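Residue 18 is where the sequence shown starts when you use the working numbering, and the numbers rise one by one after that.
Every residue, glycine too, gets a C-beta built ideally from N, C-alpha and C.
As the structure is a prediction and not an experimental result, all values here were calculated from the model.
Single-structure report; data block below.
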Amino acid sequence: MKLFALIAFCVCLGACSPGERMETPNAVPFNDNWLFTRSAVTPESLPPDSMKSVTLPHTPRIEPMTVNDQWQGICYYAKKFETPEKVKEKLLSLRFEAAMNIADIWLNGKHLGTHTGGYLPFTVSLDNALNKSGENLLVVRLDNRDNAVTGPKPLHLLDFCTYGGIYRNVWLIVKDSLHITDPIARQEGGIFVHASNISSRKAGINIRVNVDNCATEKANAVIDYEIRNATGKTILREQNRTIIAPGTDTTLTTHCSIENPELWSPESPNLYTLITSVSNNGRTTDREEVRFGIRDLKITPEGLWLNGKKRFLRGVNRHQEYPYIGYALSDEAQRRDAQKIKDAGFDYVRSSHYPQSPAFLDACDELGIMVLDAILGWQYFGDSLFTAHALQSSRELIRRDRNHPCILGWELSINETQMPQNFTEAANRIAREEFPYDDCYTAGWMKEAYDIYIEARQHRHSAHLSQPLIVSEYGDWEYYAQNAGFHQNTWNDLLEEERNSRQPRQSGEKRLLQQALNIQEAHNDNLTTHAFADGYWAMFDYNRGYADDLEYSGIMDITRLPKFSYYFFRSQRDTPEMVLIASYWQPGVSRQVKVFSNCEEVELYADGKLTERRRPDNDNFSTRLSHPPFTFNIACRKPGTVKAIGYKNGQAVAEYSVTTPAKAAKLTLKVDESGIAPARNDVLFIYATVCDADGNPVHHSADKITFHIKGAQLCSPTNIRAEAGIATALIRTADAPASISISAEAPGLEPAQTTISIQ
18 MKLFALIAFC VCLGACSPGE RMETPNAVPF NDNWLFTRSA VTPESLPPDS MKSVTLPHTP
78 RIEPMTVNDQ WQGICYYAKK FETPEKVKEK LLSLRFEAAM NIADIWLNGK HLGTHTGGYL
138 PFTVSLDNAL NKSGENLLVV RLDNRDNAVT GPKPLHLLDF CTYGGIYRNV WLIVKDSLHI
198 TDPIARQEGG IFVHASNISS RKAGINIRVN VDNCATEKAN AVIDYEIRNA TGKTILREQN
258 RTIIAPGTDT TLTTHCSIEN PELWSPESPN LYTLITSVSN NGRTTDREEV RFGIRDLKIT
318 PEGLWLNGKK RFLRGVNRHQ EYPYIGYALS DEAQRRDAQK IKDAGFDYVR SSHYPQSPAF
378 LDACDELGIM VLDAILGWQY FGDSLFTAHA LQSSRELIRR DRNHPCILGW ELSINETQMP
438 QNFTEAANRI AREEFPYDDC YTAGWMKEAY DIYIEARQHR HSAHLSQPLI VSEYGDWEYY
498 AQNAGFHQNT WNDLLEEERN SRQPRQSGEK RLLQQALNIQ EAHNDNLTTH AFADGYWAMF
558 DYNRGYADDL EYSGIMDITR LPKFSYYFFR SQRDTPEMVL IASYWQPGVS RQVKVFSNCE
618 EVELYADGKL TERRRPDNDN FSTRLSHPPF TFNIACRKPG TVKAIGYKNG QAVAEYSVTT
678 PAKAAKLTLK VDESGIAPAR NDVLFIYATV CDADGNPVHH SADKITFHIK GAQLCSPTNI
738 RAEAGIATAL IRTADAPASI SISAEAPGLE PAQTTISIQ
């Protein structure tokens with residue numbers, strides 16, 4: 018298979034005319050035409066002809082919605098390819114964004130290396146084993162069983178699942194003998210760009226690049242730097258010249274400035290692009306693009322200042338899994354998650370409890386979401402091999418993510434774990450070595466050791482600290498195991514399962530409102546501390562290794578459908594104006610009606626009749642909130658329509674209504690795009706909603722719905738029972754243009770159809 022054919026047009030570096038710039042990438046997608054097996058074989062006895070054809074990202078086994086026994090073991094990936102003529106004299110390597118957990122790689126029977134760890138990238142050179150005139154066979158062996166060196170805890174004791182497979186992208190890297198080095202593999206490798214001395218009038222730009230000369234002759238190297246703004250306009254050019262001896266590398270630095278910089282912030286996530294080109298005797302040999310942002314970040318015990326403005330970061334924790342496919346999300350799915358986090362009203366996310374996808378961080382850069390970037394760890398600290406691995410992971414995390422303006426700090430800490438002093442000291446030293454600037458901040462669970470102390474609300478024992486504080490987690494465990502809601506008037510009247518924040522979306526109005534109240538109470542309490550950020554636990558429901566049910570504390574379920582609490586957080590943002598009635602408007606439910614809104618006043622109408630116009634609540638759980646909820650008390654709740662209108666400055670600016678549904682009559686279909694169009698090799702949620710004849714959702718429906726998919730892979734079961742009136746399927750698109758036909762049916766209901774066009 019000539020699987021390299023796709024790169025022939027984009028890696029012809031040697032064909033460039035003298036002085037001509039190479040305008041094509043040197044990293045080419047390598048996700049297609051892989052073979053896979055979980056059979057108990059060896060690399061030598063691998064049967065390529067009987068293996069399953071797969072496309073990356075890939076998970077070793079499609080799991081059920083609720084994972085009671087996540088697959089663990091050894092699996093193999095293989096790929097056949099031929100080397101095109103135009104790249105035979107180039108340096109070829111493969112970059113894996115991540116593969117779970119211990120990876121061994123062979124090319125044509127030669128072992129290229131072993132990589133330990135399932136969340137960070139690694140690169141392997143193909144040059145010493147590549148067959149340049151015939152077929153090549155690449156084999157990857159993965160072992161995702163419990164590992165004492167990488168951690169975390171064994172799966173059956175773990176609060177999340179680690180899944181498996183080559184679950185992120187693989188790239189073919191094509192380089193000339195004179196090239197920019199890999200940022201992970203080499204000390205001072207790659208490109209590092211950082212802004213300092215920032216004001217609204219000028220920002221200093223510091224650029225560091227490492228260039229390697231693998232040739233047998235010296236190189237008269239010229240390194241050109243070009244900075245473009247978000248519109249693509251070139252605003253700065255700089256140049257370095259140097260002679261690089263054969264078989265050596267050199268690190269070059271340049272310092273320049275940008276006039277009137279467009280600063281990066283959650284409200285205005287302005288980005289720049291640095292284009293670095295390397296040439297030798299007039300011939301371009303390498304070219305890389307790096308995005309960066311300019312922002313002035315200062316964190317002190319008194320708070321956080323971004324671009325000179327003190328601010329609080331409202332945030333959330335995120336696990337990266339999808340149902341059925343585990344970690345094997347497309348880049349588009351990663352970006353949709355980031356969009357949902359932003360839309361929910363958050364400007365901060367904690368990457369609990371491991372490094373997240375490059376695509377997710379790219380989206381955080383673009384959307385203005387600040388990230389606490391974490392190494393892997395959860396309630397486990399091992400021996401000296403574990404320590405060495407965790408410290409090396411700390412280096413690699415910073416090297417991978419140092420150019421992202423979204424990074425708030427580095428959580429070089431093992432979550433909820435007592436760590437020895439020599440480890441925490443080494444982690445902080447590594448951070449300063451890898452990121453030698455004033456805005457390098459480390460974060461961890463031991464307040465003596467890190468720049469930022471991260472403390473879960475349930476662990477709070479320090480009312481007054483002399484260092485910066487983030488409330489790392491809140492709203493879940495303290496209500497699940499510590500009865501934190503005893504200040505609530507109705508707490509003692511609730512059953513244990515009704516009190517906590519772990520509520521499935523189908524658990525009903527009363528319990529979903531209780532989750533929202535717990536969150537409101539806890540977030541309001543966080544705002545009484547000196548913390549400069551808090552992170553609710555968690556954004557999405559997720560699976561756990563030690564439990565046979567989902568963890569339901571998410572403000573969205575595992576299929577990314579919102580609960581009432583999602584709208585509480587959304588209402589805490591000033592804009593856009595919104596109003597939502599947290600009710601399905603069913604008779605026989607509480608006479609209280611909760612409305613989430615960021616407006617100054619809200620009117621509530623029942624069947625066209627004004628019930629009340631009121632201002633936000635003023636109670637013990639609202640004292641510090643940006644926008645407290647509105648609680649209305651009505652005489653009785655009758656079937657019909659209830660409408661809320663939000664007012665600012667006396668003008669109606671938002672409206673929402675909900676109608677008691679009649680008998681279920683039909684289905685409707687919706688594709689979850691979140692502003693990002695379906696793409697090739699994408700994964701998409703398909704929502705089938707049970708509605709009455711007028712299109713009102715029937716939230717109490719639990720109908721079993723059958724999905725039919727043509728033109729894409731159905732990753733979920735064919736028959737899915739509706740939860741709170743919605744059944745969710747998951748599909749994976751092919752790596753080719755397609756028209757995907759989707760239909761859903763259920764007994765006694767009018768079916769629904771839709772199509773998706775993939776270009």
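Legend entry - Under the three-state DSSP convention, the category residue 406 falls into: As a position in the sequence shown, residue 406 is number 389, starting the count at 1. It is helical.
Inset, instruction - Just the C-alpha distance for residue 368 and residue 491, rounded to the nearest angstrom, thanks. - result: Position 351 of the sequence shown holds residue 368. Position 474 of the sequence shown holds residue 491. Rounded to the nearest whole angstrom, the CA to CA distance from residue 368 to residue 491 is 15 angstroms.
Legend entry - Backbone CA spacing between residue 280 and residue 310 [nearest angstrom]: As a first step, residue 280 must be located in the sequence shown, where it is residue number 263. As a first step, residue 310 must be located in the sequence shown, where it is residue number 293. Whole-angstrom Cα-Cα distance: 7 angstroms.
Legend entry - Contact the region 583-591 vs the region 659-666: 3+ CB pairs below 8 angstroms: With the cut-off at 8 angstroms, the region 583-591 and the region 659-666 do not touch.
Inset, instruction - Determine, using beta-carbon pairs with one atom in the region 223-240 and one in the region 329-337, whether at least three such pairs fall under 8 angstroms. - result: Contact between the region 223-240 and the region 329-337 is absent: fewer than three C-beta pairs spanning the two stretches fall below 8 angstroms.
Inset, instruction - Starting from residue 768, follow the alpha helix (DSSP H) in both directions and report where the run begins and ends. - result: Translated into the one-based positions of the sequence shown, residue 768 becomes position 751. For residue 768, no alpha helix (DSSP H) run applies; the uninterrupted beta strand (DSSP E) run containing it begins and ends at 766-775, by DSSP.
Legend entry - Close Cβ partners of residue 674 (< 7 angstroms) along its chain, the five nearest in sequence each way excluded: Taking the sequence shown and counting its residues from 1, the one referred to as residue 674 is at position 657. The answer, listed in chain order, is 658, 659, 660.
Inset, instruction - Please determine, among 536, 548, 442, the residue with the shortest C-alpha to C-alpha distance to residue 482. - result: As a position in the sequence shown, residue 482 is number 465, starting the count at 1. Closest by C-alpha distance to residue 482, out of 536, 548, 442, is 548.
Legend entry - Separation of residue 410 from residue 307, as counted between CA atoms: Here residue 307 is taken as the residue at index 290 of the sequence shown, counted from 1. Here residue 410 is taken as the residue at index 393 of the sequence shown, counted from 1. The straight-line gap from Cα to Cα measures roughly 22 angstroms.
Inset, instruction - Throw me the rounded Cβ distance for the residue 737 and residue 757 pair, which I believe falls under 8 angstroms. - result: The residue given as residue 737 occupies position 720 in the sequence shown. The residue given as residue 757 occupies position 740 in the sequence shown. Actually they are not in contact, since the Cβ atoms of residue 737 and residue 757 sit about 18 angstroms apart, beyond 8 angstroms.
Inset, instruction - Spell out whether any CB of chain C is found under 7 angstroms from the CB atom of residue 700. - result: No chain C is present in this structure, which holds just one protein chain.
Legend entry - Of the listed residues 52, 625, 620, 136, nearest to residue 632 (C-alpha basis): On the sequence shown, position 615 is the one that residue 632 refers to. It is 620 whose Cα lies nearest to the Cα of residue 632.
Legend entry - CB of residue 57 within 7 angstroms of CB of residue 156, strictly: For the purposes of this step, residue 57 is taken as the residue at position 40 of the sequence shown. For the purposes of this step, residue 156 is taken as the residue at position 139 of the sequence shown. The Cβ atoms of residue 57 and residue 156 lie no closer than 7 angstroms to each other.
Inset, instruction - Pick helix, strand or coil for residue 60, following the three-state DSSP scheme. - result: As a working mapping, residue 60 is identified with position 43 in the sequence shown. Correct three-state label for residue 60: helix.
Inset, instruction - Compute the distance between the beta-carbons of residue 713 and residue 678, then report whether it is under 7 angstroms. - result: By one-based count along the sequence shown, residue 713 stands at place 696. By one-based count along the sequence shown, residue 678 stands at place 661. Using a Cβ distance threshold of 7 angstroms, residue 713 and residue 678 count as a contacting pair.
Inset, instruction - Quick one: using the 10 Å Cβ neighbour count with 16 as the cut-off for buried, is residue 145 buried or exposed? - result: By one-based count along the sequence shown, residue 145 stands at place 128. Residue 145 sits exposed, since fewer than 16 C-beta atoms from the chains shown fall within 10 Å of its C-beta.
Legend entry - Separation of residue 420 from residue 205, as counted between CA atoms: Locating residue 205 in the sequence shown gives position 188, where the first residue counts as 1. Locating residue 420 in the sequence shown gives position 403, where the first residue counts as 1. Near 13 angstroms, if we compare the C-alpha coordinates of residue 420 and residue 205.
Legend entry - Run of the alpha helix (DSSP H) containing residue 441, from where it starts to where it stops: Walking along the sequence shown from the start, residue 441 turns up at place 424. Per DSSP, residue 441 belongs to the alpha helix (DSSP H) from 438-451.
Legend entry - Option nearest residue 192 by Cα separation, candidates 226, 125, 107: Numbered from 1 along the sequence shown, position 175 holds the residue referred to as residue 192. Relative to the Cα of residue 192, the nearest Cα in the group 226, 125, 107 belongs to 107.
Inset, instruction - Give the DSSP bridge partners of residue 225, in chain order. - result: Within the sequence shown, numbered from 1, the residue matching residue 225 stands at position 208. Residue 225 is bridged by DSSP to 209, 270.
Legend entry - Nearest-angstrom Cβ-Cβ length linking residue 133 and residue 393, presumed shorter than 8 angstroms: Residue numbering aside, residue 133 sits at position 116 when the sequence shown is read from its first letter. Residue numbering aside, residue 393 sits at position 376 when the sequence shown is read from its first letter. A Cβ-Cβ separation of about 11 angstroms leaves residue 133 out of contact with residue 393 under the 8 angstroms criterion.
Inset, instruction - Taking only the alpha-carbon atoms, compute the straight-line gap between residue 215 and residue 316 and give it to the nearest angstrom. - result: Walking along the sequence shown from the start, residue 215 turns up at place 198. Walking along the sequence shown from the start, residue 316 turns up at place 299. Going from the Cα of residue 215 to the Cα of residue 316 covers about 15 angstroms.
Inset, instruction - Using three-state DSSP, classify residue 678 as helix, strand or coil. - result: Mapped onto the sequence shown, residue 678 falls at position 661. Correct three-state label for residue 678: coil.
Legend entry - Whole-angstrom distance between residue 395 and residue 562, CA atom to CA atom: Sequence index remark: in the sequence shown, residue 562 carries index 545 (1-based). Sequence index remark: in the sequence shown, residue 395 carries index 378 (1-based). So the alpha carbons of these two residues sit roughly 12 angstroms apart.
Inset, instruction - Measuring alpha carbon to alpha carbon, tell me which of 732, 165, 457, 247 ends up nearest residue 289. - result: Here residue 289 is taken as the residue at index 272 of the sequence shown, counted from 1. Looking at the Cα atoms, 247 is the closest of the given residues.
Inset, instruction - Just confirm the distance between the C-beta atoms of residue 201 and residue 208, as a whole number of angstroms; I'd bet it's less than 8 angstroms. - result: Taking the first residue of the sequence shown as 1, we reach residue 201 at position 184. Taking the first residue of the sequence shown as 1, we reach residue 208 at position 191. No, residue 201 and residue 208 are not in contact; Cβ-Cβ is about 12 angstroms, not under 8 angstroms.
Inset, instruction - State yes or no: is the C-beta of residue 595 within less than 7 angstroms of the C-beta of residue 671? - result: Here the question's residue 595 lines up with position 578 in the sequence shown. Here the question's residue 671 lines up with position 654 in the sequence shown. The Cβ atoms of residue 595 and residue 671 sit closer than 7 angstroms to each other.
Legend entry - Contact set for residue 140: own chain, Cβ-Cβ below 8 angstroms, skip 5 residues either direction: As a first step, residue 140 is located in the sequence shown; it is residue number 123 there, counting from the start. Excluding positions up to five away in sequence, the list reads 110, 111, 112, 113, 190, 199, 201, 202.
Inset, instruction - Would you list the one or two residues that DSSP bridges to residue 154? - result: By 1-based counting over the sequence shown, the position of residue 154 is 137. In the DSSP output, where bridge partners are listed per residue, residue 154 has 97.
Legend entry - Assigned exposure category for residue 503 - 16 Cβ within 10 Å defines buried: Residue numbering aside, residue 503 sits at position 486 when the sequence shown is read from its first letter. Counting the other Cβ atoms within 10 Å of the Cβ of residue 503 gives fewer than 16, which makes it exposed.
Legend entry - Start and end residues, beta strand (DSSP E) containing residue 243: Counting from 1 along the sequence shown, the entry for residue 243 is found at position 226. Note, residue 243: beta strand (DSSP E), 236-245.
Legend entry - Start and end residues, beta strand (DSSP E) containing residue 297: As a first step, residue 297 is located in the sequence shown; it is residue number 280 there, counting from the start. Element bounds for residue 297: 289-297.
Legend entry - Exposed unless 16 or more other CB atoms sit within 10 angstroms - verdict on residue 349: Walking along the sequence shown from the start, residue 349 turns up at place 332. The residue in question, residue 349, is buried, as its Cβ has 16 or more Cβ neighbours within 10 Å.
Legend entry - Beta carbon of residue 729 nearer than 7 angstroms to that of residue 709: Here residue 729 refers to the residue found at position 712 when the sequence shown is read from its first residue. Here residue 709 refers to the residue found at position 692 when the sequence shown is read from its first residue. Their beta carbons are not under 7 angstroms apart, which means residue 729 does not touch residue 709 by this criterion.
Inset, instruction - Decide if residue 343 is buried, meaning its Cβ has at least 16 other Cβ atoms within 10 Å, or exposed. - result: The sequence position of residue 343 within the sequence shown is 326, counting from 1. Of the other Cβ atoms in all chains shown, 16 or more fall within 10 Å of the Cβ of residue 343; this residue is therefore buried.
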